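Chains as they are written, first to last, in the numbering used here: chain A, -2 to 103; chain B, -2 to 103. All residues carry an ideal CB built from backbone N, CA and C; glycine is no exception. The structure displayed is predicted, hence computed values, not measured ones.
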DNA sequence: TATTTGTGAAACCGAATAGTTGCACATATA
DNA sequence: TATATGTGCAACTATTCGGTTTCACAAATA
């Protein structure tokens, strides 16, 4: 069973859950109210998110609050980092092209 | 058939392909040499990457060069953006906690 | 022209995925 | 104590996924 951050955010419902609890921890029931699927389906998504450590649980009586582990999100950011250099370079190259055109017009 | 960027980068082989062709366009055969799977499997991955516009093709005689559409990668970055504010805030909150502890010691 | 090379597409297969329904169990509450 | 509530887990199902094998076809080359 593959269980990494990238696989976790592949599902649109899971991405929505992540956004939903980003600012405020929520219980499975509260989360499920925001979606068309059953509470159990949401519970399964939460399990996957927990397994890859994107969310953590906080027991409060018989309620369980799920909260986003924002640090884990940085893992995606870290992977993107290697491309950031490239798209900045491409941007500079575009700059050069534009200035070449500009200079030609003079 | 769902076909978005997040689903595309969920597969580790596809992520490796993306990294591989990020700096230099390559043919399917050349790409396949870097992996344990068959050329056809790579071809299927390239099709998925093409369908969600993460890569584009450039025909060169009978060879087809696949190149990364770096701009599409920014879509992931854009999604991450909404969390960036949060993790910066969390960082600041940590700062506050630390300074509170520091002040208490005085 | 005949053959090799580079490629995509279709058919098939086993495993994983996302969902459902039904159940178990612990914690609140009457 | 009996009941209601919040939750996770197991079993089942249809669909998707990633891979392989086989084939078709166009472009390069002998």
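*Going along chain A, which residues have a C-beta under 7 Å from residue 80 (chain B)?*
Position 83 of the second chain holds residue 80 (chain B). Contact annotation for residue 80 (chain B) against chain A: 19, 67 and 70 [CB-CB distance below 7 Å, chain order].
_Between residue 52 (chain A) and residue 18 (chain A), how many whole angstroms is the CB-CB distance? I'm expecting something under 8 Å._
Position 55 of the first chain, counted from the start, is the residue given in the question as residue 52 (chain A). Position 21 of the first chain, counted from the start, is the residue given in the question as residue 18 (chain A). The pair is a contact, with the Cβ atoms about 7 Å apart (cut-off 8 Å).
_9 Å Cβ cutoff, residue 73 (chain B) in contact with chain A_ = Along the second chain, one-based indexing puts residue 73 (chain B) at 76. At least one CB of chain A lies nearer than 9 Å to the CB of residue 73 (chain B).
*DSSP three-state call for residue 35 (chain A): helix, strand or coil?*
Sequence index remark: in the first chain, residue 35 (chain A) carries index 38 (1-based). Correct three-state label for residue 35 (chain A): coil.
*With DSSP as the reference, label residue 101 (chain B) as helix, strand or coil.*
Residue mapping note: residue 101 (chain B) aligns to position 104 of the second chain, counting from 1. Only weak support exists for where residue 101 (chain B) lies, its pLDDT of 49 falling under 50; the coordinates are left without a value.
_Counting C-beta neighbours from all protein chains within 10 Å, is the total for residue 56 (chain A) 16 or more, i.e. buried, or is it exposed?_
Position 59 of the first chain, counting from 1, holds the residue named residue 56 (chain A). Around the Cβ of residue 56 (chain A), a 10 Å sphere holds fewer than 16 other Cβ atoms; the residue is exposed.
*Check residue 18 (chain B) in the structure and name its three-state DSSP category.*
Numbered from its first residue, the second chain carries residue 18 (chain B) at position 21. Of the three classes helix, strand and coil, the one that applies to residue 18 (chain B) here is helix, per DSSP.
*Determine, using beta carbons only, whether residue 11 (chain A) and residue 45 (chain A) come nearer to each other than 9 Å.*
For the purposes of this step, residue 11 (chain A) is taken as the residue at position 14 of the first chain. For the purposes of this step, residue 45 (chain A) is taken as the residue at position 48 of the first chain. Their beta carbons are under 9 Å apart, which means residue 11 (chain A) touches residue 45 (chain A) by this criterion.
*Using the Cα positions of residue 83 (chain A) and residue 63 (chain B), report the straight-line distance between them to the nearest angstrom.*
On the first chain, residue 83 (chain A) is found 86 positions in, with the first residue counted as 1. On the second chain, residue 63 (chain B) is found 66 positions in, with the first residue counted as 1. Each residue's alpha carbon lies about 17 Å from the other.
*asked:* Please state the DSSP three-state secondary structure of residue 83 (chain A).
replied: Within the first chain, the letter at position 86 stands for residue 83 (chain A). Note: residue 83 (chain A) maps to helix in three-state DSSP.
*In the DSSP assignment, find the beta strand (DSSP E) that holds residue 64 (chain B) and state where it starts and stops.*
In the second chain, counting from the first residue as 1, residue 64 (chain B) sits at position 67. From DSSP, the beta strand (DSSP E) with residue 64 (chain B) extends over 60 to 65.
*Hey, out of B:29, B:32, B:48 and B:28, whose CA is closest to residue 66 (chain B)'s CA?*
The residue you call residue 66 (chain B) lines up with position 69 of the second chain. Measuring from the Cα of residue 66 (chain B), the nearest candidate turns out to be B:48.
*Just mark residue 6 (chain A) as buried or exposed, buried being the case when its beta carbon has 16 or more other beta carbons within 10 Å.*
The residue labelled residue 6 (chain A) in the question sits at position 9 within the first chain. Residue 6 (chain A) should be labelled buried.
*Is it right to say residue 20 (chain B) is buried, meaning 16 or more other beta carbons lie within 10 angstroms of its own, or is it exposed?*
Position 23 of the second chain holds residue 20 (chain B). Classification of residue 20 (chain B): exposed, given that the 10 Å Cβ count is below 16.
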